[in-house]
Amino acid sequence: MPQLRWLGHAAVELNLGGKHIVIDPMIKDNPVSPVKLNYFENNLNLIIVTHDHYDHLGDSVELMRINPKAYLFATYDLENYLATQFNIPWERMIPANVGGYIDFDGIKLALTKAVHSSEHSDPTGAIVSGEGVTIYHAGDTGLFEDMKLIGEIFKPDYVLLPIGGRFTMDPYQAAIAVEMLRPKKYAIPIHYNTWDLIKVDPNDFVKEVSKKGYKALVLQPGQSVEL
Ligand code: ZN
0 MPQLRWLGHA AVELNLGGKH IVIDPMIKDN PVSPVKLNYF ENNLNLIIVT
50 HDHYDHLGDS VELMRINPKA YLFATYDLEN YLATQFNIPW ERMIPANVGG
100 YIDFDGIKLA LTKAVHSSEH SDPTGAIVSG EGVTIYHAGD TGLFEDMKLI
150 GEIFKPDYVL LPIGGRFTMD PYQAAIAVEM LRPKKYAIPI HYNTWDLIKV
200 DPNDFVKEVS KKGYKALVLQ PGQSVEL
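Below is the structure:
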């Protein structure tokens with residue numbers, strides 16, 4: 000059974016299509032992470048980074064070191080920076096940009112637009128699809144109308160949306176995003192309550208989402224869901 004586990008903040012662990020994947024792996028500086036970094040030693044196939052803010056790039060460089068067979072999926076420009084700066088072999092990069100699906104050994108990956116900022120390259124969201132399940136991780140983003148297109152093109156089963164406000168959408172805006180993305184299963188809130196600056200009540204999101212006829216699923220850090 001494919002599985003998704005929220006590691007707190009924007010960090011998400013996926014077991015999908017026989018692959019062990021982590022998205023935006025801030026582990027060490029994540030006050031609510033249920034795991035230590037060595038949990039991921041020599042068992043990751045893929046690291047996905049939506050953008051290079053420290054709470055998203057997180058421990059990616061070290062994870063690439065302790066997982067010599069893992070690949071990294073991010074924008075070409077961010078990968079180029081990481082490869083040069085941290086001496087990561089280019090062969091382990093999966094270069095892409097906002098666009099269509101690429102195949103990674105049986106699972107499908109794509110990068111999407113995000114309305115946000117970053118230091119190197121542009122910020123993105125990510126789509127991961129395998130075993131008939133499609134997941135959209137929005138990265139950090141404000142609300143934008145093209146989410147309709149993301150819903151239309153990728154038809155996500157699960158959408159992982161930042162709801163912390165201030166740096167991203169808040170619970171009310173994220174509920175509008177759900178309406179545009181039309182997830183077939185659940186909208187899962189992320190990127191909130193890690194620190195006081197992004198403190199919100201996820202139940203506001205749940206209520207707004209259900210008013211619009213969709214279902215939200217609030218996970219605790221460390222909690223997983225079978226997809
Ligand atoms: Zn950010």
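Note that numbering that gives the first Met the number 0 gives residue 191 to position 192 of the sequence shown, counting from 1, and the numbers run on in steps of one.
Note that beta-carbon positions come from the ideal geometry of N, C-alpha and C, so glycine has one too.
Nothing here was measured: the structure is a model prediction, and the numbers come from that model.
(request) Can you give me the Cβ contacts of Lys214 inside the same chain, cut-off strictly under 6 Å, excluding the 5 residues immediately before and after it? (result) Tyr185
(request) Verify the contact flag: Phe166, CB atom, against every heavy atom of the ligand ZN, threshold strictly below 7 Å. (result) yes
(request) Take Leu226 and list the residues in its own chain whose beta-carbon comes closer than 6 Å to its own, dropping the five residues that flank it on each side. (result) If we look at Leu226 and ignore the five residues flanking it on each side, its Cβ neighbours are Pro1, Leu3, Val132.
(request) Check whether the Cβ of Phe23 lies closer than 7 Å to any heavy atom of the ligand ZN, and answer yes or no. (result) Reading off the sequence shown, one finds Asp at residue 23, where the question assumed Phe. For the ligand ZN, not one heavy atom lies less than 7 Å from the Cβ of Asp23.
(request) Could you check what DSSP says for Tyr229 in three-state terms: helix, strand or coil? (result) For the chain, the structure presents residues 0 to 226; residue 229 sits outside this window and is missing.
(request) Could you give the DSSP three-state label for Ser59: helix, strand or coil? (result) helix
(request) Could you say which of Pro182, Phe85, Asp54 lies nearest to Asp28 if we only look at CA atoms? (result) Asp54
(request) Indicate whether Phe85 and Val114 have their beta-carbon atoms separated by less than 8 Å. (result) no
(message) Give me the pocket residues for the ligand ZN, defined as CB within less than 5 Å of any heavy atom, sorted by chain position.
(response) His52, Asp139
(message) The beta strand (DSSP E) that contains Ala109, what's its start and end?
(response) 106-112
(message) To the nearest angstrom, how far is the alpha carbon of Leu148 from that of Leu180?
(response) 8 Å
(message) Quick check on the burial criterion: 16 or more other C-beta atoms within 10 angstroms. Buried or exposed for Gly150?
(response) buried
(message) Rounding to the nearest angstrom, what Cα-Cα distance links Val34 and Ala73 in this structure?
(response) Roughly 23 Å between the two C-alpha positions.
(message) Taking the alpha helix (DSSP H) that Asp76 belongs to, which residues open and close that run?
(response) 75-85
(request) Check each candidate in Met63, His8, Leu13 and name the one with the smallest Cα separation from Ser223. (result) Leu13
(request) Name the two residues that bound the continuous alpha helix (DSSP H) containing Leu180. (result) Leu180 -> alpha helix (DSSP H) spans 170-180.
(request) Measure the Cβ-Cβ separation of Ile162 and Lys18 and say whether it is below 8 Å. (result) no
(request) Kindly identify the DSSP beta-bridge partner or partners of Gly124. (result) Thr111
(request) Using a threshold of 8 Å, state whether the C-beta atoms of Leu77 and Val48 are closer than that. (result) In this structure, Val48 lies closer than 8 Å to Leu77 by Cβ.
(request) Take Ile93 as the anchor and find which of Ser117, Gly141, Ser116, Lys68 has the nearest alpha-carbon. (result) It is Lys68 whose Cα lies nearest to the Cα of Ile93.
(message) Given a cut-off of 8 Å on the beta-carbon distance, is the pair Leu81 and Leu62 in contact?
(response) Their beta carbons are not under 8 Å apart, which means Leu81 does not touch Leu62 by this criterion.
(request) Within its chain, find whatever has a CB closer than 6 Å to the CB of Ser128; leave out the 5 residues flanking it on each side and keep chain order. (result) Exclusion of the five residues before and after Ser128 leaves Lys107 as the residues of its chain whose Cβ lies within less than 6 Å of its Cβ.
(message) Which runs of the beta strand (DSSP E) at least 3 residues long sit entirely within the segment 14-67? Give them in chain order.
(response) 18-22, 45-47
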